[in-house]
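Protein chains in written order, with our numbering: chain V, -10 to 429; chain L, -10 to 429.
Beta carbons are placed, not taken as given, at the ideal position from N, Cα and C, and that holds for glycine.
Number of protein chains: 2
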Amino acid sequence: MSEVTTTDLYEVTMAMSYLREGMRAPATFSLFVRDLPPGRGFLVAAGLEPSLDYLSRFRVGPHDVEEFAEALHRPALDLELLLGLGFDGEVRAVPEGRLVFAGEPLLEVTAPLPQAQLVETFLLTQLCHQTAVASKAARCVIAAAGRPVVDFSLRRAHGPQAGFQAARLGALVGFAGTSNVAAATRLGIPASGTMAHSYIEAFPGEEEAFRGFARTHPGPVTFLVDTYDTDGGVAIAARVLKELGRGPGCAIRLDSGDLGALACRARDILDAGGLTDVGIIASGGLDEYAVDELVRAGVPIDVYAVGTRVGVAADAPYLDAAYKLVEYEGRPVMKLSSAKVTAPAPKQVFRRSGRADVIGVWNEDPPPGAEPLLCTVMRGGWGTPDRLSDARARFDADLAALPASARRIHSPEPIRPVTSRRLAAMTAVVRRRIEEEIRT
Amino acid sequence: MSEVTTTDLYEVTMAMSYLREGMRAPATFSLFVRDLPPGRGFLVAAGLEPSLDYLSRFRVGPHDVEEFAEALHRPALDLELLLGLGFDGEVRAVPEGRLVFAGEPLLEVTAPLPQAQLVETFLLTQLCHQTAVASKAARCVIAAAGRPVVDFSLRRAHGPQAGFQAARLGALVGFAGTSNVAAATRLGIPASGTMAHSYIEAFPGEEEAFRGFARTHPGPVTFLVDTYDTDGGVAIAARVLKELGRGPGCAIRLDSGDLGALACRARDILDAGGLTDVGIIASGGLDEYAVDELVRAGVPIDVYAVGTRVGVAADAPYLDAAYKLVEYEGRPVMKLSSAKVTAPAPKQVFRRSGRADVIGVWNEDPPPGAEPLLCTVMRGGWGTPDRLSDARARFDADLAALPASARRIHSPEPIRPVTSRRLAAMTAVVRRRIEEEIRT
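Okay, structure coming up:
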């Protein structure tokens, strides 16, 4: 499917009109999240890499024009101004892995108006859900407090593409691996997983299943122990591991029931058998709340596998993000109706150590000691690829500097950025100008 | 990206072991949703068409084997038994568009064990989220009570693929159109959408914007009226439409604020201008609850555009679905641990007019007058494609027969299927057999 036609129809009707009216002057759009969802103290900027990849390949081809024409029930000739239109604009963005807050632009596009408009939908589709999922995954890493977290979300993700991104975003915030083979090999992250309940059930009993698995897999193995009676399953796993002389790197996995109690008993059984180096992996409906509870209770779980709730960001599966025109032809613009007022002009976010971020105008002087968050990542349609490991390092550094109140799992308090004097003054002027124009 | 390697690693480790142990006998897996999420009175079976498409193309190629080997850190030679493995099994499934309830198989696969196992993850990835989204979309259709509903979800969907599916699922439950160009043209559904706030802001004022748009688009147009002052925007839109002699098929769109009050005032303004045939489209964070409230209040909104919350099924973004081995080599199997007990054996669901569904064994005699829901949709790896219009007709028929208590928007009560005597007896026997085996 063409990425160019993966767009809302109105991007096309607007671009057609802009081209026909000769409105090709530079426009700046700002993509930001209006408010953080409840239960989020921060967001992790994510989705930029696939967005830049899209922009660098964006070009309206003849088949795209035919599809647009078909959707509009108009002859392709009416859309010929769109043919060959590519993206050769500038993109300023918060690099992936950095923490962001309400109202801070994740990305700003400056390009001839028809170009900047046509790419709206696809950019939102990438940045909204990836930032939502990365933010959820980051909270799992916090909850696990140093214990490895792995991604098991593919089967419940919103399709294969979303599953791939979830694996990538997990790695971005420090997950130790993923069950997703395609993602693991493409992204160079460890693949994780061994057996399902069906495997056990296909054999006459648990012992035969464990022995069968070990015959095929000579390295470290993980035995799933909760198919019938969990304590019994642990005892059988321990016996088989011991007889086979397997230990280091091996583990048992608990996937159901009272994970805290089962893990404590499993640890006792393993230790009693001298298998102190056999780990315990927990899975089954885990999210940051469940992990936090288990970790705080001191439960001897070595690895947390999170899936469903993290891969879909279950408690906040979307972000209230917008892609707003903030300047056209050098004229700052804004929307006034209802509560959805947006500040005009291209912006910059200034991060200050120990204080709230400042949202200001792009080219204003930074407050003393402040670090600008948005970087120019694409010029003339050309960008430089980023590395996942760099994004991960940025995430680690930002998380380390995040106040405990925003980090905490329950009722976190996000940082509320302040507006610079210059942006506030400009907003007031633009608002006055528009209000006068409306009156006349 | 290969669909074959878009899978959990454990499918591969298990399949390797099955092949090496010579375990290629027929296995039956049953895919079902354990419990309906709160706020759902029914589920709409969806995702079968892409699943069958996947199965019909499934074949492990040399690159897939290399990827599997890389993920496992083993030489490709160790995985050579997987090379060329395709899917030539049988699939029984509930056709798309039918309503289903907790515990009812959406799909059952019978195939040689390694095949049936390897396709697990991808099937879950398709069926879980598509059934979740279709079910949410269906509730919007109910709430709109005959008024057209259109899909605006692409920008907040979990990636382009999920956005495409959301458009398809909307059409499946009777949406009148989608904003998604690629989906509209590929699926033959009407494309919908005209202008964003940015379009208005790029012009000196609303009137210039509306006139500019009408110049490019000679047919029916929809003007977005809430950029600055909504009542004022409606008045300008009415004046422009009147002067241009446009009316039938045209509309105004409200995207923010108190949609009920704004729509009533907009209707008055339009009618006062003689524009009784200009419609009102509402959008902006709508879901079935918001639509229901507006419809019940008698608000003069003609078309409801739903997006974000529907495309991600915001209040239930995943389903607790499982793909469980229920029979291997003619031997019914089940899992016993904790609450996640699954009934053994291939199944059939019998629907009875005015009474709860019966979940029984595949080949048992139907209760008098009952209709079996699962059909054989694939044999020997070959299936017959279904049409979206047929799925839609099935949905319409099932919805018409659904009790009001399951249909309602607030606190719906799902139908709770009962278990046939034969399935209950078989479950008891298998449980006893396994418990005895565990004891010895």
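CB of residue i within 9 angstroms of CB of residue j, strictly
i: L:VAL229; j: L:PHE199; result: yes
i: V:ARG81; j: V:VAL366; result: yes
i: V:CYS129; j: V:GLU277; result: yes
i: V:LEU158; j: V:GLN106; result: no
i: V:ARG29; j: V:PRO403; result: yes
i: L:GLU85; j: L:ALA34; result: yes
i: V:GLU318; j: V:PRO103; result: no
i: V:GLU190; j: L:LYS324; result: yes
i: V:VAL98; j: V:GLY75; result: no
i: V:PHE153; j: L:THR(-5); result: yes
i: L:VAL284; j: L:VAL139; result: no
i: V:VAL301; j: V:ALA146; result: yes
i: V:PRO401; j: V:SER409; result: no
i: L:LEU377; j: L:LEU95; result: no
i: L:SER187; j: L:LEU112; result: no
i: V:GLU0; j: V:THR110; result: yes
i: V:VAL122; j: V:VAL299; result: yes
i: L:ALA180; j: L:GLY166; result: yes
Within-9 angstroms CB hit, residue i to chain L
i: V:ASN169; result: yes
i: V:ALA16; result: yes
i: V:LYS231; result: no
i: V:LEU218; result: Residue identity check: residue 218 of chain V is Asp in the sequence provided, not Leu. Chain L, which has a Cβ nearer than 9 angstroms to the Cβ of V:ASP218, makes this yes.
i: V:LYS336; result: no
i: V:MET184; result: yes
i: V:VAL301; result: yes
Cutoff 7 angstroms; reference residue i; Cβ partners in own chain excluding five residues on either side
i: L:PRO356; result: PHE339, ARG341 and VAL347
i: L:ALA60; result: LEU(-2)
i: L:ALA226; result: PHE199, PHE212, VAL214 and ILE241
i: V:ALA65; result: VAL54, GLU55 and ALA58
i: L:ASP266; result: GLY236 and PRO237
i: L:MET3; result: GLN106
Residues that DSSP places opposite residue i in a beta bridge
i: V:ASP364; result: Contrary to the premise, residue 364 of chain V reads as Cys rather than Asp in this sequence. BP columns for V:CYS364 point to V:ALA82.
i: L:GLU316; result: L:THR17 and L:PRO321
i: V:LYS336; result: V:VAL350
i: V:THR416; result: Note: V:THR416 sits in no beta bridge, so no partner.
i: V:ARG254; result: DSSP lists no partner for V:ARG254.
i: V:ASP(-3); result: L:ASN169
i: V:LEU243; result: V:ALA271
i: V:ARG341; result: V:ARG344
i: L:VAL89; result: L:LEU32
Residue-chain proximity (residue i, chain V), Cβ-Cβ < 9 angstroms
i: L:THR99; result: no
i: L:PHE90; result: no
i: L:ALA134; result: no
i: L:VAL295; result: no
i: L:CYS239; result: no
i: L:LYS125; result: no
i: L:GLN104; result: no
Proximal residues to residue i (C-beta, below 6 angstroms), its chain only, five neighbours per side dropped
i: L:LYS313; result: SER19 and THR331
i: L:PRO26; result: ALA305
i: V:ASP387; result: ARG87 and LEU88
i: L:LEU248; result: ALA271
i: V:GLY370; result: PHE76 and ASP77
i: V:LEU259; result: ALA227 and VAL267
i: L:VAL419; result: PRO321, MET323 and PRO333
Contact set for residue i: own chain, Cβ-Cβ below 8 angstroms, skip 5 residues either direction
i: L:PHE192; result: ALA198 and GLY201
i: L:ASP183; result: The sequence shown places Thr at residue 183 of chain L, rather than the Asp named in the question. Taken in chain order, the residues that qualify are PHE202, HIS206, VAL210, THR211, PHE212, LEU213 and ARG242.
i: L:ARG405; result: PHE90, ALA91 and ALA345
i: L:TYR7; result: ARG13, LEU102, PRO103 and GLN106
i: L:ARG381; result: GLY86, ALA160, LEU161, VAL162 and GLY163
i: V:SER45; result: PHE76, MET367, GLY370, TRP371 and GLY372
i: L:GLY208; result: GLY238
Quiz prompt | Entirely enclosed alpha helix (DSSP H) segments - the region 145 to 222 of chain L, minimum 4 residues | solution = 149 to 161, 170 to 176, 186 to 191 and 195 to 205
Self-check item: Secondary structure, alpha helix (DSSP H): runs of 4+ residues fully inside the region 92 to 142 of chain L
Solution: 102 to 107 and 109 to 133
Exercise. Just list the beta strand (DSSP E) runs in the region 270 to 318 of chain V, keeping only unbroken ones of 3 residues or longer that don't cross its boundaries, in chain order.
Key: 292 to 295 and 310 to 317
Exercise. With a floor of 4 residues, list each alpha helix (DSSP H) that falls wholly inside the region 13 to 77 of chain V, ordered by position along the chain.
Key: 37 to 46 and 51 to 61
Quiz prompt | Secondary structure, alpha helix (DSSP H): runs of 4+ residues fully inside the region 363 to 408 of chain V | solution = 377 to 390 and 393 to 396
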